[in-house]
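So for the sequence shown, this note's numbering puts the first residue at 115; every next one is plus one. The beta-carbon is built from N, C-alpha and C at its ideal position, and this holds for glycine as well. I have placed the structure first, in the form of structure tokens, so that the comments after it can refer back to it.
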Amino acid sequence: MASRHLLLHRFRLHGFQGFTATAPQGHRFWCSATLSSEDANDKAGCENHTHSSNLVEDELEEEILTDIKPILMLTRNILHTTRYMSGERLTTEDERAVVDKLLVYHPHFEDKIGCGLESIMVDRHPHWYSRCFFVVRTDGSWTDFSYKICLQGYIRDRYQPNAERFIETRFGKNGFVRGLFKRWGI
Numbered sequence: 115m116a117s118r119h120l121l122l123h124r125f126r127l128h129g130f131q132g133f134t135a136t137a138p139q140g141h142r143f144w145c146s147a148t149l150s151s152e153d154a155n156d157k158a159g160c161e162n163h164t165h166s167s168n169l170v171e172d173e174l175e176e177e178i179l180t181d182i183k184p185i186l187m188l189t190r191n192i193l194h195t196t197r198y199m200s201g202e203r204l205t206t207e208d209e210r211a212v213v214d215k216l217l218v219y220h221p222h223f224e225d226k227i228g229c230g231l232e233s234i235m236v237d238r239h240p241h242w243y244s245r246c247f248f249v250v251r252t253d254g255s256w257t258d259f260s261y262k263i264c265l266q267g268y269i270r271d272r273y274q275p276n277a278e279r280f281i282e283t284r285f286g287k288n289g290f291v292r293g294l295f296k297r298w299g300i
């Protein structure tokens, strides 16, 4: 009780005028330098420009995420459920989607296809032991391909000027699609 009275007395002595957004007349906020009206207008214009460019970047990121969500969901459904066993070939419909939406955007697409594409299968990578896609060629040979590299190629192709920033923030150094599945609630 005594401390409350002491605090109120202290506010009265120092000219406390209530909780307001502006400083009392004759006072400046801590560490504030006085700005001319021109400087204040320039600073306000700069903040508005930064805010509007952030909005544009956020809208572009949402557009990219909306665009890639269906293929990411399909990829997750194929690789991380019991829908396909290791060594099993994809159905014609899933194969067409994986080839059209992912494989054609791989930077080494021609090398991956080689002599011709017979099918796409899911299996464990011999070195990393994670499930991934494999191209089965017409001569019987097979090679793996990363859907994340394909997805990055797709983003670079479709969203040229802003692709690198999105890839850096969402994929990171290890290629992992950061936070997207959690964001989508899966």
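Proximal residues to residue i (C-beta, below 7 Å), its chain only, five neighbours per side dropped
{"i": "H220", "result": "K226, F259, I263, C264, G267"}
{"i": "R197", "result": "N191"}
{"i": "E232", "result": "V250, R251, T252"}
{"i": "E209", "result": "S233, I234"}
{"i": "E224", "result": "none"}
Option in the options with minimal Cα separation from residue i
{"i": "I234", "options": "V170, V250, I192", "result": "V250"}
{"i": "N191", "options": "T257, T180, L204", "result": "L204"}
{"i": "F202", "options": "E224, L174, E173, C246", "result": "The sequence shown places Glu at residue 202, rather than the Phe named in the question. That would be C246, whose Cα lies nearest to the Cα of E202."}
{"i": "R272", "options": "I182, E171, N168", "result": "I182"}
{"i": "H222", "options": "N168, Y261, V170, F285", "result": "Y261"}
{"i": "Y243", "options": "T180, L169, L193", "result": "L193"}
{"i": "K215", "options": "G286, I269, Q274, F285", "result": "I269"}
{"i": "V213", "options": "F248, T195, T180", "result": "F248"}
Sub-8 Å separation of residue i and residue j beta-carbons
{"i": "F280", "j": "I185", "result": "no"}
{"i": "T302", "j": "G230", "result": "For the chain, the structure presents residues 115 to 300; residue 302 sits outside this window and is missing."}
{"i": "L188", "j": "N276", "result": "no"}
{"i": "S255", "j": "G228", "result": "yes"}
In DSSP terms, what residue i is bridged to
{"i": "A242", "result": "Ala is not the amino acid found at residue 242; the sequence shown has Trp there. Paired residues: none, contrary to the question."}
{"i": "V250", "result": "S233, W256"}
{"i": "E202", "result": "V236"}
Cβ neighbours of residue i in the same chain (closer than 6 Å, five flanking residues each side left out)
{"i": "T283", "result": "none"}
Chain-order list of residues whose beta-carbon lies under 8 Å from that of residue i (same chain, five-residue window excluded)
{"i": "C171", "result": "Residue identity differs from the one stated: residue 171 is Glu in this sequence, not Cys. Cβ within range, chain order: N276, R279."}
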